[in-house]
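Numbering (the working numbering), first residue to last: 1391 to 1522.
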């Protein structure tokens, strides 16, 4: 999985350098300027793109055997999509104190109304970034 290059591709496209890769190698990066009914005139999160692609490829909306790798802590909408898709494990690189909803903000997966909480592994790759 080449998560760093996925984020770099977003940066090269003039977007926020955030990337997402699932275990099947499906990639997504944040896209602005692409209207989406669930986020009009805003950005299309990479997690949503990767989940949609994986569901299409596998043929089911339940991704119970899938792991999701993302460079930045998911927002509330993405955490909801991760929960509804029944993603098995979530790995993310950097915390997002302002917009994150996993270990920051609303802490979506700890909510009693959350249908499914994946195993969460934060700060993935943090040691490597500190050596740079």
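In this text, a Cβ means the ideal position worked out from N, Cα and C, and glycines have one as well. Remember, predicted model here, so these are calculated numbers, not experimental data.
Residue 1467 has its alpha-carbon roughly 10 Å from the corresponding atom of residue 1437. Between residue 1511 and the set 1494, 1493, 1480, the nearest pair of CA atoms involves 1480. Here residue 1483 is buried. Its C-beta has 16 or more other C-beta atoms within 10 Å.
Taking residue 1489 as the centre and dropping the five residues before and after it, the same chain places the C-beta of 1465 closer than 6 Å to its C-beta, in chain order. Partner residues in the beta bridge of residue 1479, as assigned by DSSP, are 1457, 1509. A Cβ-Cβ separation of about 12 Å leaves residue 1463 out of contact with residue 1496 under the 8 Å criterion.
Taking 9 Å as the cut-off, the beta carbon of residue 1446 is found no closer than this to the beta carbon of residue 1475. Of the residues assessed, residue 1502 falls on the exposed side of the cut-off, its CB having fewer than 16 other CB atoms within 10 angstroms. According to DSSP, residue pairing for residue 1462 in a beta bridge involves 1484. For residue 1485, same chain residues with a beta-carbon under 7 Å away, outside a window of 5 residues either side, are 1463, 1493, 1494, 1512 in chain order.
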